[in-house]
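Student: Numbering (my numbering), first residue to last: 1049 to 1396.
Glycine included, every Cβ here is placed at the ideal spot set by N, Cα and C.
The structure is given below, and queries will be raised subsequently.
Here's what the structure looks like:
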């Protein structure tokens, strides 16, 4: 079985109010790329990765007038994808949903959120992801109310011929200091955003601990907007959010496996894998970053011979050798898909 996580840059802008593709030459949300160009590039990429299930990050909007599920299913129909069913959890107000697109002949999928529904003022321990989490993030002995602008998507997945597993799709808070007017504000906002991002990751790790204690097979996948050694503020807090979710300080039996994160943790001076590429207009250069991960529980790691792959147009030889695929990956999004192949026949 192959699973993927893929952050699609402004996927929502490619659909009209009836969830139909806008295949025309007007500009998309991606710089200097038309809607038609991005749509066809995405179709090519989805066909190329050929995953049984894809956790789509920044999936089409889900609101009063639009349906993320209908939009993705229409997209799948347009390109005759075998991944033709979609499922969403708690929708949000950002026009960037987390939606799972999958092949229904390969698995059954149920939205199955965990945690208790908290009272209005929140809770300290494992509330549902559409609730409020209390954590003192600024060390003033007064817990702040933490919430997800994009609540993680919790799924129960029953693969054909495999053991049931839990999937959690994640789009953690960005640490970028949006709205800063000067250097002082930039530092303050960046630190405040990192605190909130770490709080979300602590909340997520609590859920991971619950699943591991129950013996669940677990996969956590998505865009964490963070990673080991990613920015200078990490020294201020000791760990990245990714390290918290993986559980690097936990016993070996409780540590999630993610080889790209492990490489980054052991090579912080650089030279580690990347999953995204952003153009910086001020310097006219590209910034590459490791933001997208697929973390698996030890039981899955030990029983399925997992193989991870970042579909990077320049760093992966197979992608680079196929010009059409390389061009499609660059046109489709500022993130690249990450896949994992699991041999379910090895499970007992």
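1. Mapping the DSSP letters down to three states, classify residue 1305 as helix, strand or coil.
2. Look up residue 1101 in the DSSP assignment and give the residues it is bridged to.
3. Going by the beta-carbon positions, is the gap between residue 1272 and residue 1293 smaller than 9 Å?
4. Quick one: measure Cβ to Cβ for residue 1110 and residue 1068, integer angstroms, because I've assumed they're closer than 8 Å.
5. Confirm, please, whether the CB-CB distance from residue 1386 to residue 1348 is below 9 Å.
6. What do you get for residue 1079, buried or exposed, if any count of 16 or more other CB atoms within 10 angstroms of its CB means buried?
7. Locate the alpha helix (DSSP H) running through residue 1324, then write down its first and last residues.
8. Contact between the segment 1086 to 1101 and the segment 1251 to 1258: three or more CB pairs below 8 Å?
9. Which partner residues does residue 1075 have in the DSSP bridge list?
10. Report yes or no: do the segment 1149 to 1165 and the segment 1202 to 1212 share at least 3 C-beta pairs separated by less than 8 Å?
11. Would you say residue 1113 and residue 1144 are within 9 Å of each other, going by their C-beta atoms?
12. Are the beta-carbon atoms belonging to residue 1062 and residue 1086 less than 9 Å from one another?
13. I want to know whether the segment 1324 to 1340 touches the segment 1377 to 1395 - three or more CB-CB distances under 8 Å.
14. In whole angstroms, what separates the C-alpha of residue 1300 from that of residue 1142?
15. Tell me which residues share the same chain as residue 1072 and place their Cβ nearer than 8 Å to its Cβ, disregarding the 5 neighbours each side in the sequence.
16. Would you mind reading off the limits of the alpha helix (DSSP H) that contains residue 1180?
17. Under three-state DSSP, which class holds residue 1214?
18. Can you tell which of 1192, 1196, 1355, 1140 has its C-alpha closest to the C-alpha of residue 1116?
19. By a C-beta neighbour count over all protein chains shown, 10 Å radius and 16 as the cutoff for buried, is residue 1125 buried or exposed?
20. Taking the Cβ atom as the reference point for each residue, do residue 1343 and residue 1269 lie within a distance shorter than 9 Å?
21. Using only CA atoms, which one of 1163, 1190, 1304, 1245 lies nearest to residue 1197?
22. Give me whichever residues DSSP pairs with residue 1335 in a beta bridge.
23. Return the CA-CA distance between residue 1377 and residue 1147, expressed in angstroms with no decimal places.
24. Per DSSP, residue 1270 is paired with what?
25. For residue 1131, count neighbouring Cβ atoms within 10 angstroms of its own Cβ and tell me buried if that reaches 16, exposed if not.
26. Residue 1303 to residue 1345, Cα distance in whole Å?
27. Would you call residue 1164 buried or exposed, if buried means 16 or more other Cβ atoms sit within 10 Å of its Cβ?
28. Check whether the Cβ atoms of residue 1160 and residue 1203 lie closer than 9 Å to each other.
29. Candidates 1341, 1332, 1222: which alpha carbon is nearest residue 1311's?
30. DSSP three-state call for residue 1207: helix, strand or coil?
31. Assuming residue 1351 contacts residue 1394 (C-beta within less than 8 Å), just tell me the rounded distance between them.
32. From which residue to which residue does the beta strand (DSSP E) around residue 1357 run?
Tutor: Working from what's here:
1. DSSP places residue 1305 in the strand class (E or B) of the three-state scheme.
2. The beta-bridge partner set that DSSP reports for residue 1101 consists of 1051, 1150.
3. Going by C-beta atoms, residue 1272 is nearer than 9 Å to residue 1293.
4. The distance from the Cβ of residue 1110 to that of residue 1068 is about 15 Å, inconsistent with a contact at the 8 Å cut-off.
5. No; because the gap between Cβ atoms is not below 9 Å, this pair is not in contact.
6. Exposed, by the Cβ-count rule.
7. Note, residue 1324: premise wrong, no alpha helix (DSSP H); beta strand (DSSP E) at 1324 to 1328.
8. No: the two stretches stay apart, fewer than three of their Cβ pairs being nearer than 8 Å.
9. Answer by DSSP bridge pairing, in chain order: 1082.
10. Because the criterion of three Cβ pairs below 8 Å is met, the segment 1149 to 1165 and the segment 1202 to 1212 touch.
11. Residue 1113 places its beta carbon 9 Å or farther from that of residue 1144.
12. Result yes, Cβ atoms of residue 1062 and residue 1086 sit closer than 9 Å.
13. Taking one beta carbon from each stretch, the segment 1324 to 1340 and the segment 1377 to 1395 have 3 or more pairs nearer than 8 Å; the two touch.
14. Taking the CA atoms as reference points, residue 1300 sits about 37 Å from residue 1142.
15. Closer than 8 Å at the Cβ level, and outside the excluded window around residue 1072, lie 1082, 1083, 1084.
16. Taken as a continuous stretch (DSSP letters only), residue 1180 belongs to no alpha helix (DSSP H), as it is neither H nor E.
17. In the structure shown, residue 1214 sits in a strand (DSSP, three-state: E or B).
18. Taking only the C-alpha atoms, the option nearest residue 1116 is 1140.
19. Looking at its Cβ environment, which holds fewer than 16 other Cβ atoms inside 10 Å, residue 1125 is exposed.
20. With contacts defined by Cβ atoms closer than 9 Å, residue 1343 and residue 1269 form a contacting pair.
21. Here the closest residue by C-alpha is 1245.
22. DSSP, once it has assigned bridges, lists 1326 as partnering residue 1335.
23. Computed Cα separation, rounded: 20 Å.
24. DSSP output for residue 1270 lists 1218, 1341 as bridge partner(s).
25. So residue 1131 ends up on the buried side.
26. Straight-line measurement puts the Cα of residue 1345 at about 7 Å from the Cα of residue 1303.
27. By the neighbour-count criterion, in which 16 or more other beta carbons inside 10 Å mark a residue as buried, residue 1164 falls on the exposed side.
28. Yes; because the gap between Cβ atoms is below 9 Å, this pair is in contact.
29. Comparing Cα-Cα distances from residue 1311 to each of 1341, 1332, 1222, the minimum goes to 1341.
30. Here DSSP, grouped into helix, strand and coil, assigns residue 1207 to strand.
31. Contact between residue 1351 and residue 1394 holds: their C-beta atoms lie close to 6 Å from each other, under 8 Å.
32. That run of the beta strand (DSSP E) goes 1355 to 1358.
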